[in-house]
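Numbering (the UniProt record's numbering), first residue to last: 1 to 1138.
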């Protein structure tokens, strides 16, 4: 079908009928209506007790407090009142009030719900006393006529009933009433999403209990019996299809044509729907019908045309996505996959294979962390011992000798390194994944990356289960790992997550239950023989093997410090209360642990890297945490500061709050050379009061035996770690199981290494930039397009000495740790020559922090920004960001110079900036399709720095002059001098006011609050500029002497709030466009801009939503006959990101 025919089909398909419009407007119950309007009518950023000038306003604060009290009262009424006709209106009132609360007030309200409406523990204790005081009926009572016995039993039944009632928290009433109320189940999902969000910020025990109770209730109400499996097709409502587009999390849907293809011939999409949340799948799965199990995602997403369905033998699950954050942790996918398999087998008996083509999201982060930590060890060992000590307990070369030589040889013409792991790390972190563009490098890297991927999937575990979240999901649902596929996903996301590798999980119908049970009970992973070949170790002499297997159980002897409790301990070790209490018979219950005593915490003792026994825990850092605090306090000296530092990449003084870090605790499974009578050991940190006799007495073993297990260890040293035989939960010593252990010498090595460690190399960090070079190696000069080399920065004889630093900058701590490894350092002489001594003829622009010059450097065109020394902060901001952040839609930094002034050298963008094209003379007007494309390009650049970098960046100066346009009329975001980085997980911060008036949102202009939504607001202004070609602040009178002005945002809002804005909106459209634009498209962009410039940052869409909306818009600019399908309100929601 040609484009014209497809456009007509889509227009017909998507135009709502009158009946559908009626249904949409009248079918939603009250709470549903509130949810669909938007989930948060927060006044947090409009008032917060301050007036428009930012001064404290007691009246506004009082209004917030009154609003909270009103919602609290309606919540109390919803819980306490009898079930009458008024209850529905009370629940509606509560929901409406809840949505109007700010985030802080929601937190306060939920804490009230969790604490004041919990169960009545005083009543429970009293009822238990009454129950225990009752006399049980005896055989004599029974023979005495039955009346007395019946009276006794009546008392039992009454108190049991009252006790069951008292053991239910009062908030259960609210949950159950909302569940039966129209729209209430969706509201509860939103409520739990808020609870999870608050717990992530502050880990309140009462909120955890509230969440656990609500999760249990939702799991019951969303049982498979209550869910409807629905095949989603192109004939479903536009609002349902909108959810598919918005929540597709694995392979984003690019446009409506892509959506239609995924729902067409050779494809299936199934979703779980609940009657209480109509038209909205809770979770959905996409299926491709194939002849064989696909090896690449291109086969699935871009196979055109698909095969005949009758020829298919494989149903391939290639995407599973959830639409409800509030259902996190409720495994609906398990039941969905099984029911889809059953349905497909019934409808298509010729389908014999059910498989997935899945991403491996944790592989590259794990591998890069592994390489980085090993490189740290190399540097530390070279410093301490003058040579790499291959017998070090913690050292591991993760590359095979043959792999290492191939990697070094293949990369010799690109970069150098001291060893294969260093070279591999540089290649995998290279700009724009350059290694994927060389056949030689791809060939050299294939074996090690595939082998290490197999190891990651099969051997790397957390709490006995697969470390990778996607692998864990499929394995617990009964799948096996069939195959890993090289270069299966070459997208930026695929390369970043898994080096382009994808995995096939296969569901063998006859084995699903067996595989799921064995994985759940023992952690066993079923995999194909071919996959296991990757991780089979070559036979080596017994004397060289430090360990081959671990043991299921070891104990950590945790010293209970003041302020800690069993809840905290169970959280950091990932164990439940019952399991911990099992190994601590001296502790009667979870509320009775005593400060200054020890408790034993069970954990899995594993053979890590075939090198030593231990377990790596994941710890979420708190504000103010350092490596020594984590080791000495959080983990009570079960590990050491040096050991924690070795296995993490953060600097000791700069550990972001809320970041997961690795904490490795050593363990042992016993030693058959000492005794076969002991197979369970505790990792025991020594304290000042300990000695050999006291520890032996506590353990109940002879002192001599204890010393044999810990040769060379002084038990009176007051510190260090020893391994102590320990009794199990039944009070018995477990015998040593038949296994390959480790020798006493190796145990001693573990102890000493865990205590002593080695000193890491202190990197040379100057005031601003670390200038890094390798051993004065001579390399050929490189062009500006290939400056990613770490050797001499590719700048030939023009580079300054490797000793040179930016010592002229006095920027304090803000610049610490900035590394410039990917940019060329130019000399002043070379830049002056390239710009004719910075002549006016070469000057092409003037910005807030300096002048911009055209330059020709080494045969390449470049743009050079010259900045004063006073602009050091802005200089370092751009240098830091553009050195490490690379994207097609961000301007590329080539190099820098710090002689006399500060210079930044960028790629030269030939076509000027957006402002010049919209308002400059002598240029042809941009076509409407070009304007939409430039908007999409800019949005993609911003989405990248907002959502795909660590730390996240906020540009803070988005405006039309900072959007450059290349010769193909594609947009690039530039000028990062005001960019603010945020720690991972932060939502907003306060800062000094910088930027350009007309582009600043209210919360920033008034209070200095900065979040990614600052950029969203400014981007909305740019969208208005693209429509009107007007400046961000316009004169309201045409007289050149007039000083009256109005923000462009206000100008458009006056029009867009009209019932029919068409006539006045046409007056705002750039007159240079003439009639060459589709009005519907302009209207949709204006509506998107209006959403972006909403007063409340919470109600602005994310850049991801904006990209999706603009992609939808660009997919329809080719043929404007399709424009009328935007009359469908649900797709308007899609356009505005709601």
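Virtual Cβ for every residue (Gly too), placed ideally from N, Cα, C.
Considering only 284, 876, 910 and 408, the residue with the shortest C-alpha distance to residue 845 is 910. Counting every other CB atom within 10 Å of its CB across the protein chains shown gives residue 619 a total of 16 or more, marking it as buried. Burial check for residue 684: the Cβ neighbour count within 10 Å reaches 16 or more, so the residue is buried. The secondary-structure analysis by DSSP pairs residue 607 across a beta bridge with 613. The continuous beta strand (DSSP E) containing residue 290 extends over residues 283 to 290. When secondary structure is reduced to three states using DSSP, residue 907 falls in the strand class. The Cβ neighbour count for residue 591, taken over all protein chains shown within 10 Å, is under 16; the residue is labelled exposed.
Using a Cβ distance threshold of 8 Å, residue 998 and residue 1089 do not count as a contacting pair. Taking the C-beta atoms as reference points, residue 567 is found nearer than 8 Å to residue 205.
Under the DSSP assignment, residue 230 falls in the beta strand (DSSP E) whose first and last residues are 228 to 231. CA-to-CA, the gap between residue 211 and residue 948 works out to about 29 Å. Classified as exposed, residue 134 has fewer than 16 neighbouring CB atoms from the shown chains inside 10 Å of its CB. Here DSSP, grouped into helix, strand and coil, assigns residue 452 to helix. For secondary structure counted as the alpha helix (DSSP H) over 4 or more consecutive residues, the region 178 to 252 holds these complete runs in sequence order: 184 to 201, 205 to 221 and 238 to 247.
In the three-state scheme derived from DSSP, where H, G and I count as helix and E and B as strand, residue 1035 is classed as strand.
A check of alpha carbon separations from residue 261 across 272, 235, 249 and 282 identifies 235 as the nearest. Looking at the backbone, the Cα of residue 239 and that of residue 1092 are separated by about 21 Å. For residue 403, the enclosing alpha helix (DSSP H) begins and ends at 401 to 411. For residue 135, the three-state secondary structure derived from DSSP is coil.
Looking at the DSSP output, residue 824 sits in a beta bridge with 895.
At the C-beta level, residue 257 and residue 312 stay beyond 8 Å of one another. With contacts defined as CB atoms closer than 8 Å, residue 293 and residue 320 fail to qualify as a contacting pair.
Contact annotation, residue 407 with residue 399: C-beta distance approximately 7 Å; criterion of less than 8 Å satisfied.
With three or more CB-CB distances shorter than 8 Å, the region 1007 to 1018 counts as touching the region 951 to 958. In the structure shown, the three-state DSSP call for residue 723 is strand.
Here DSSP, grouped into helix, strand and coil, assigns residue 525 to coil. For residue 655 against residue 626, the beta-carbon gap comes to about 6 Å, under 8 Å, which counts as contact. Taking all protein chains in view, the Cβ of residue 1111 is crowded by 16 or more other Cβ atoms within 10 Å, so the residue is classified as buried. By the Cβ-count criterion, residue 1067 is exposed, with fewer than 16 other Cβ atoms from all chains shown falling within 10 Å of its own Cβ. A distance below 7 Å between beta-carbons, with the five flanking residues on each side excluded, links residue 676 to the following residues of its chain, in chain order: 735 and 736. Taking 8 Å as the cut-off, the Cβ atoms of residue 459 and residue 361 do not count as close.
In the structure shown, residue 352 adopts coil according to DSSP, grouped into three states. Classified as exposed, residue 437 has fewer than 16 neighbouring CB atoms from the shown chains inside 10 Å of its CB.
For residue 69, the closest alpha carbon among the candidates 931, 1075 and 106 is that of 106. Counting along the chain, residue 565 sits inside no alpha helix (DSSP H), nor does DSSP assign it H or E at all.
Each residue's CA atom was taken as its position, placing residue 835 and residue 356 some 57 Å apart.
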